[in-house]
Amino acid sequence: MTFELQSPLDMHIHLREGAMLKTVAPLSAGTFAGGVVMPNLVPPVDSLARLQAYREEVLAGVGDAVFEPYMTLFFRNYTREELEAARDHVIGIKLYPAGVTTNSEAGVAVLEEAEPTMAIMEELSIPLLVHGESGGFVMDREHEFLSVYEHIATRFPQLTIIMEHITTASALALLDRFEKLHATVTLHHLLVTLDDVAGGLLDPHLFCKPIPKRPEDRSALLAAALAAHPRLMFGSDSAPHPVDQKECCGCAAGVFTAPIAVQVLVELFEAHDRLDRLQDFISGNAQRIYGLHPPEKTVLLEKADFTVPARYGDVVPIKAGQTLSWSLSGS
Ligand SMILES: [Zn+2]
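For any residue, its number in my numbering is found by taking its place in the sequence shown, counting from 1, and adding 775.
What follows is the structure, encoded as C-alpha cells:
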C-alpha cells in the first residue's frame, strides 16, 4: 500500500543557524516542499538585510532539495518604508510577547505600542503571526491570550492573523468568530497531553511551549485536524536542541518532529480513516490562506515499518527508537 502527498508544507519551523541548521534543514527538505521559517535567532531576524542573509544560509543548508523557505521578520515597530521594502520578501511578521519562549527576550512587552505597525501591515496585506501566550500560570497562558487575539482582530479586521501552535479547545473555538483569523497546530499537540510530559517520569523531549494541555484539548485539536478545518494549517514548530540542552537541569523547550512528521501524520490520519483530508491539512489550506504556489514535490510513502533513529546529529526526535507503520518510499 502506498500514499502520495503533493507539496507538503510546514507552516512553522525552526531551522536555527550554523551547524544545527546544516543538520536539520535537509531533514525538513526531505519531506516538505516549503516551510515558514521562524525568526527567533540571537539577535532576532528583524531587518531585511538580515532576513536575506538568513535565507541564503537556509538555502545553502537545504542543498539540492526542492524546498522554499518562506521567511518571517521578528516583530518590532517597523516604519512604513521598512515594511514596503520587506513585503515581497516575507510571508509574515512573527510577534512574540517578551520572554515567553526560546529567544523571545526582544519581543513585545506592551501590545498597544505595536499597533501602529499592525495598522501598516493590515494596509500592506502582511500577515501577523503570533506566539499567543500571556505571562500567567503556564496552563492558562494561551487561554488568557485569546482576548488579545480578539482585540487585534476587532481593531484590524482586514489583518490576516495566524494563531501559532494552538493547544486548546478554546483557541479553536475562537477561529470561527473572526474571518481573518487562522491557526497552525503542531504534530506533538495532536499526540500528547501534559500527562505524557510530566504525568509519570519526566520526558524532556516532549517538553515544549506552549505546554501540552488536557485530553479534551488534544481531542478537539485532533478532530479539527482530521477534518482539515479550513482555517487550520499544519505547522510542526519542530524545534531542535542539542541533547545536552534537553537531558539536563533547565531543559530547553521544544520538540523535534520535522524528519518524521509526514510519516506520523499519515499513520494518524489512516488510523482515524481520514487519509482523504490530509492533503488539505498539510498543504491545501495553507496555499489558500496565504495565497501560496509552492514548488511541485511529490512525497511517496509506503506501508512499511520504519524505526525512528535515536538521534539525528545530536538531536533526539520525537518517537526515538519507536517503529512507525509508514515510511518514505525508497528509504
Ligand atoms: Zn515556534
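We put the beta carbon where it would ideally sit given N, CA and C, even for glycine.
To the nearest angstrom, report how far apart T847 and F778 are at their CA atoms. Here residue 847 refers to the residue found at position 72 when the sequence shown is read from its first residue. Here residue 778 refers to the residue found at position 3 when the sequence shown is read from its first residue. If you take the alpha carbons of T847 and F778, they lie about 32 angstroms apart.
Shorter than 7 angstroms, the distance from the beta carbon of H980 to the closest heavy atom of ligand 1, or not? For the purposes of this step, residue 980 is identified with residue 205 of the sequence shown, where counting begins at 1. Flag unset: Cβ of H980 not near ligand 1.
So, at 7 angstroms on beta carbons, what are the nonlocal neighbours of R830 in its own chain, with the 5 sequence-adjacent residues on each side left out? Reading the sequence shown from its first residue, position 55 is the one you call residue 830. Residues P844 and M846 of the same chain have their beta carbon placed closer than 7 angstroms to that of R830, with the five preceding and five following residues left out of the count.
Where does the unbroken beta strand (DSSP E) through T798 begin, and where does it stop? The count along the sequence shown starts at 1 and reaches residue 798 at position 23. First-last for T798: G793 to T806, but that is the alpha helix (DSSP H), not the beta strand (DSSP E).
CA-to-CA distance, P932 to V1018, given in whole angstroms: In the sequence shown, counting from the first residue as 1, residue 1018 sits at position 243. In the sequence shown, counting from the first residue as 1, residue 932 sits at position 157. For V1018 and P932, the distance between alpha carbons rounds to 43 angstroms.
M896 in three-state terms, based on DSSP: One-based indexing of the sequence shown puts residue 896 at position 121. M896 falls in the helix class under three-state DSSP.
For V972, would you say it is in contact with chain B, using Cβ-to-Cβ distances shorter than 8 angstroms as the test? No chain B appears in the structure shown, which is made up of a single protein chain.
With a Cβ-Cβ cutoff of 8 angstroms, do I868 and F850 count as a contact? As a position in the sequence shown, residue 868 is number 93, starting the count at 1. As a position in the sequence shown, residue 850 is number 75, starting the count at 1. The answer is yes: Cβ separation under 8 angstroms.
What residues are listed by DSSP as bridge partners for I788? Along the sequence shown, read from residue 1 onward, the residue named residue 788 stands at position 13. According to DSSP, which records beta bridges pairwise, I788 is partnered with V812 and S1013.
Quickly, what does DSSP pair S1102 with across the bridge? List them, please. Residue numbering aside, residue 1102 sits at position 327 when the sequence shown is read from its first letter. In DSSP, S1102 forms a bridge with E1077.
In angstroms, rounded to a whole number, what distance separates the CA positions of V967 and P987? Residue mapping note: residue 967 aligns to position 192 of the sequence shown, counting from 1. Residue mapping note: residue 987 aligns to position 212 of the sequence shown, counting from 1. If I take the Cα positions, the gap works out to 7 angstroms.
Look at G1010 and H789 and say whether their C-beta atoms are less than 8 angstroms apart. Position 235 of the sequence shown, counting from 1, holds the residue named residue 1010. Position 14 of the sequence shown, counting from 1, holds the residue named residue 789. No, these two residues do not count as a Cβ contact at 8 angstroms.
Taking the beta carbon of R1006 as the centre, do at least 16 other beta carbons fall within 10 Å, making it buried, or is it exposed? Here residue 1006 refers to the residue found at position 231 of the sequence shown. Flag for R1006 reads buried.
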